[in-house]
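Numbering-wise (the numbering used here), the sequence shown opens with residue 36 and increments by one. All C-beta atoms, glycine included, are put in the ideal place defined by N, C-alpha and C. In what follows, a single structure is set out as structure tokens and then discussed.
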Amino acid sequence: MLSQVKGYGSDLFKIVGFRTGICRYKEDSWEDIIYELSRIKDGEWLEAGEEELTLIADAESADVFIKKFGLLWNTDKKSLPAPLG
């Protein structure tokens, strides 16, 4: 999947994995999902919660999206397309 992350402007990130954590207390419980991301333009590693992500392209169309706009993992482009929707 391809996403933007709150606080990183128009940078695009590929979701490369995720992990879950389960917290349980006597009166409460919840599950956290942390996404592991790699920035398209330079491969920088980032972890983010679901509330910080904006989906740009699902897994099936992410590679097509990257190729369509000429975005490669080691690109030197300074500006990326604006978010969709």
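Within the DSSP bridge table, the entry for I75 names no partner. Here the stretch 38 to 45 makes no contact with the stretch 53 to 61; the two share fewer than three CB pairs at distances below 8 Å. Remark: C-beta atoms of I91 and L72 do not approach each other more closely than 7 Å.
About 16 Å separates the beta carbons of K41 and E79, which is beyond the 8 Å limit, so they are not a contact pair. Residue pairing for K49: DSSP places it in a beta bridge opposite L37, S73. For D98, the secondary structure class from DSSP, reduced to helix, strand or coil, is helix. Per DSSP, the beta-bridge partners of D67 are G56.
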